[in-house]
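A quick write-up on the structure given underneath.
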Amino acid sequence: MRRVFSHHDRFMVYQAKDVLDAAGIPCFIKNEYAIGGMGELAPFDTQPEVWLSDSQWLPRAQALLKQIHVSEEYNSGVSWVCSKCEEQNEANFDICWQCGNEKK
Ligand SMILES: [Zn+2]
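When the letters of the sequence shown are read in order and numbered with our numbering, they come out as residues 2 to 105.
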C-alpha cells in the first residue's frame with residue numbers, strides 16, 4: 002500500500018479519490034474523520050489521505066493527481082484586480098465578487 006495524496010481540505014481528498022476511482026485505480030481514504038476529532042494530534046498528522054491498494058498504480062495515480070495539484074496552485078495563485086470597480090479578487094474567481102465583471 003502506498004499513500005498517494007493528502008490534503009488538509011477533506012474535499013480535495015475526496016476529489017483525488019474520485020479521479021482515481023474514475024480511472025479504475027484501487028484506492029481508499031485514511032483519516033477520513035480525523036479533522037472532526039483532532040484531539041491532541043498535530044494537524045499535519047490528522048490530514049485525510051488517499052492510499053493506493055497497490056503501489057504499482059503509483060505512477061499513473063500521480064500523473065492524474067498532478068492535474069489536481071495544478072488547479073490547486075492556480076487557486077492559491079495570483080489575485081487580480083477588477084478593471085471596473087478595482088476590487089481585489091482571489092485567483093480562483095472568474096468574475097469579480099463585488100460587481101460581477103469578468104476577469105480580464
Ligand atoms: Zn468589480
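By construction, the Cβ of each residue, glycine as well, lies at the ideal position given by its N, Cα and C atoms.
Since the model is a prediction, treat every value here as computed from it, not as a measurement.
Spatial distance of residue i from residue j (CA atoms)
| i | j | result |
| --- | --- | --- |
| GLY17 | CYS100 | In the sequence as displayed, the identity of residue 17 is Ala instead of Gly. When rounded, the distance between both Cα atoms is 33 angstroms. |
| TRP98 | ILE69 | 24 angstroms |
Residues of its chain near residue i, where Cβ-Cβ distance is below 6 angstroms and the 5 sequence neighbours each way are ignored
| i | result |
| --- | --- |
| PRO95 | According to the sequence as given, residue 95 is Asp; it is not Pro. Once the five neighbours on either side are set aside, the close Cβ partners of ASP95 are LYS104. |
| LYS85 | CYS100 and ASN102 |
| LEU66 | PHE6 and ALA17 |
| TRP58 | ILE26 |
Beta-bridge partners of residue i, as assigned by DSSP
| i | result |
| --- | --- |
| VAL82 | GLN89 |
| GLU50 | SER7 and LYS31 |
Exposure label - residue i; buried when at least 16 CB within 10 Å
| i | result |
| --- | --- |
| PHE12 | exposed |
| GLN89 | exposed |
| ALA23 | exposed |
| GLN48 | buried |
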